[in-house]
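Presented below is the structure to which this report refers.
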Amino acid sequence: MTKPLRKDAQRNRDLLVEAARGLYAVRGLDVALEEIAKTAGVSIGTLYNHFPQRVDLVNAVFADRTETVAAIAEHALTLDDAWAGLTSFVERICELQAADLGYNELASTRPPQTEDLERGYDLMTRVVERAKESGALRADFTLEDMAFVTWGIARTVEATAAVRPEVWRRHLALLFDGMRATSASPLPEPPLLPDELARLMGDCD
């Protein structure tokens, strides 16, 4: 069992997470750790005591996002229209990306590593399979293809945030049209396999 932190240590950890969350949201994940510590009002040594590696801090900042994604997927599964459930799920995930440049960057590389990650994947699989079973989503769409949607929107958000922060919605609408079963034509390449996607996400760390 993990020993509870002292009150002062917990306070410092909370300050670091909040400082990082604010800086990541507006500037992305490349903020210097020294700046995060300064914003939090603690020493860089204190930061490293709590978060020995940068990835530890990133995971702490975005730990709640896997819970949020799971909740969004659960809501999508309650909608009577399976296509509406799928598009609602994807649009809300993209809204999270557009509202936070740090999360947008993380979503295009790898999700936060939390205990809820597997549950989130299971729920997303159900959202996708349900839309395919309804006949609305093209039959050859796989969960791994969702990465193309995430990566594409992430780059659109990154490129347009300063000029047209909502234009990603146009990009997403175009992607949705390509995902419809009624628009399907044979694809030139097979989908990524789960292990191939995992390797790609790992290479982006």
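Numbering (this note's numbering), first residue to last: -9 to 195. Even glycine gets a Cβ: it sits at the ideal position worked out from N, Cα and C. Remember, it's a predicted structure, so these values are computed and weren't measured experimentally.
Helix, strand or coil, according to DSSP, for residue i in the structure here?
| i | result |
| --- | --- |
| L177 | coil |
| Y47 | Before going further, note that residue 47 is Leu rather than Tyr in the sequence given. L47: helix per DSSP, three-state reduction. |
| R1 | helix |
| R170 | strand |
| L133 | helix |
| L183 | coil |
| C194 | Below a pLDDT of 50, predicted positions are generally treated as unreliable, and C194, at 46, falls in that range; the measurement from the model is reported next regardless. Residue state, collapsed to three classes: coil. |
| L165 | helix |
| L19 | coil |
| L6 | helix |
| R(-4) | coil |
Assign residue i to one of two classes, buried (16 or more other C-beta atoms within 10 Å of its C-beta) or exposed (fewer than that).
| i | result |
| --- | --- |
| E179 | exposed |
| L6 | buried |
| R1 | exposed |
| G92 | buried |
| L113 | buried |
| A22 | exposed |
| D90 | buried |
| L164 | exposed |
| L177 | exposed |
| R17 | exposed |
State the start and end residues of the unbroken alpha helix (DSSP H) segment that holds residue i.
| i | result |
| --- | --- |
| F138 | M136 to T150 |
| G35 | I34 to H40 |
| V118 | L107 to E123 |
For residue i and residue j, which I take to be in contact (beta-carbon distance under 8 Å), what is that distance rounded to the nearest angstrom?
| i | j | result |
| --- | --- | --- |
| A72 | A9 | About 42 Å; that fails the 8 Å criterion. |
| I34 | C84 | Not a contact, Cβ separation roughly 35 Å. |
| A171 | A129 | 7 Å |
| W141 | S98 | 5 Å |
| R109 | A60 | 6 Å |
| E119 | P181 | In fact, because the Cβ distance is near 14 Å, the residues do not count as touching under 8 Å. |
| query | Taking only runs of the alpha helix (DSSP H) that begin and end inside the region 57 to 90, which ones reach a length of at least 4 residues, in chain order? | reply | 72 to 89
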